[in-house]
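Written out below as structure tokens is the structure these notes cover.
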Amino acid sequence: MTDHSNDPLEWMEKDRYERKRHYMYLDKYGRYPYLDLPHSFKRAVDRYGSGRVNRDGLLPWHIGEYSLRLTNALKAQDWEEARKAAAALGHYVADAHDPLHTTENYDGQLTGQPGLADRFGSEVIDRYQSFFILRPEPAAKIDDPTEYAFDIVLESHTWVNHVVLADRLALRGLMGYNDDYYDRFYSRIGSLLIRRINLAVHDTGSYWYSAWLNAGRPALPGR
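Mapping to my numbering: the sequence shown position 214 is 214, numbers consecutive.
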């Protein structure tokens, strides 16, 4: 399955519509907790129009769609399709746990902090992952995959300002994004990042487990 975990990134190179499935600009829909945004895709399109809904991102709806795709593949015992769907679903669920995937200011470009997405989502992890303690909770049944995905992105979004401010403060007094910057940045966001990763692992497992339950608990093939 790990062979397919980055399939969605490769799809972005071939499918111009793929990128919108990796984010949702919640801050384009008013103020938190965005009660005017319907969690039903059809009702959201009815209210805001297809163009706007697509531009502002489809992430939680796409998670719901891929959860169903995985369920159907397991039910049909199409194991190769199930592996691909499970890996892609895990990628989208991980995206949903990244605060920067829930804001229009996803790369710090609106606050004069370009490159923030890579610093938070890649560089810090590469530098400090040996210090991460990963102890995710056991998987649990998810009753409504799309609604649960909305819960994830809404929680992630509450941390946007924290990440943006931490980046700004870490750079203060420095000439660039050097080792001192990353030490400062990690000291401010490291615990948050580890929590988000643990939650992403737990929720990915929960989506897989729920799809298997909804498929009728099929016997899975050996390796």
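We put the CB at the ideal spot given by N, CA and C, even for glycine.
_Using C-beta distances below 7 angstroms, list every residue in its chain close to S5, excluding the 5 sequence neighbours before and after it, in chain order._
A caution first: S5 carries a pLDDT of 46, below 50, which makes its placement in the model unreliable, though a value can still be read off. The answer, listed in chain order, is A87, G90 and H91.
*For the alpha helix (DSSP H) holding F41, just list the boundary residues, first then last.*
Segment F41 to Y48, the alpha helix (DSSP H) holding F41.
*How would you write the range of the alpha helix (DSSP H) that S206 sits in, first residue to last?*
Counted as a single uninterrupted DSSP element, the alpha helix (DSSP H) harbouring S206 occupies residues D179 to N214.
_Cβ contact check for the stretch 183 to 191 and the stretch 30 to 48: 3 or more pairs under 8 angstroms_ = Output reads no: the stretch 30 to 48 does not touch the stretch 183 to 191.
*Three-state secondary structure (DSSP) at H4?*
With a pLDDT of only 44 at H4, under 50, the local geometry of the prediction cannot be trusted, and the value read off the model is given with reservation. Under the three-state reduction of DSSP output, H4 falls in the helix class.
*Do you know whose CA, among Y17, Y25, V163 and R69, lies nearest F150's CA?*
Nearest of Y17, Y25, V163 and R69 to F150, Cα basis: Y25.
_Can you look up T146 in the DSSP assignment and give me helix, strand or coil?_
If DSSP states are grouped into helix, strand and coil, T146 belongs with the helices.
*What's the C-alpha gap between R172 and P114?*
Using only the alpha carbons, I get a separation of about 15 angstroms.
*With a 10 Å radius around its C-beta and 16 neighbouring C-beta atoms as the bar for buried, classify L174 as buried or exposed.*
Its Cβ having fewer than 16 others within 10 Å, L174 is exposed.
*Is DSSP giving G51 helix, strand or coil here?*
Three-state result, G51: helix.
*Between D27 and G108, what straight-line distance do the alpha-carbon atoms span, to the nearest angstrom?*
Answer to the nearest angstrom: the Cα atoms are 14 angstroms apart.
*Return the CA-CA distance between H39 and E147, expressed in angstroms with no decimal places.*
When rounded, the distance between both Cα atoms is 7 angstroms.
*Report the rounded CA-to-CA distance for L59 versus E104, giving the unit in angstroms.*
Going from the Cα of L59 to the Cα of E104 covers about 13 angstroms.
*Span separating the alpha-carbon of I197 from that of H101*: The C-alpha of H101 is placed about 14 angstroms away from the C-alpha of I197.
*Indicate whether the contact test is met: 3 or more Cβ pairs, each with one atom in the stretch 114 to 129 and one in the stretch 60 to 74, closer than 8 angstroms.*
Look at the beta carbons and you see the stretch 114 to 129 not touching the stretch 60 to 74: under three pairs across the two are nearer than 8 angstroms.
_Y29, DSSP secondary structure in three states_ = Here Y29 sits in helix by DSSP.
*Minimum C-alpha distance to G205 - residue among D179, P145, T111 and K42*: Comparing Cα-Cα distances from G205 to each of D179, P145, T111 and K42, the minimum goes to P145.
*Is it buried or exposed for D98, if we count other Cβ within 10 angstroms and need 16 for buried?*
So D98 counts as buried.
*Hey, would you say E137 sits closer than 8 angstroms to H202, going by beta carbons?*
Yes.
*Within this structure, are the beta carbons of D95 and H22 separated by less than 8 angstroms?*
Result yes, Cβ atoms of D95 and H22 sit closer than 8 angstroms.
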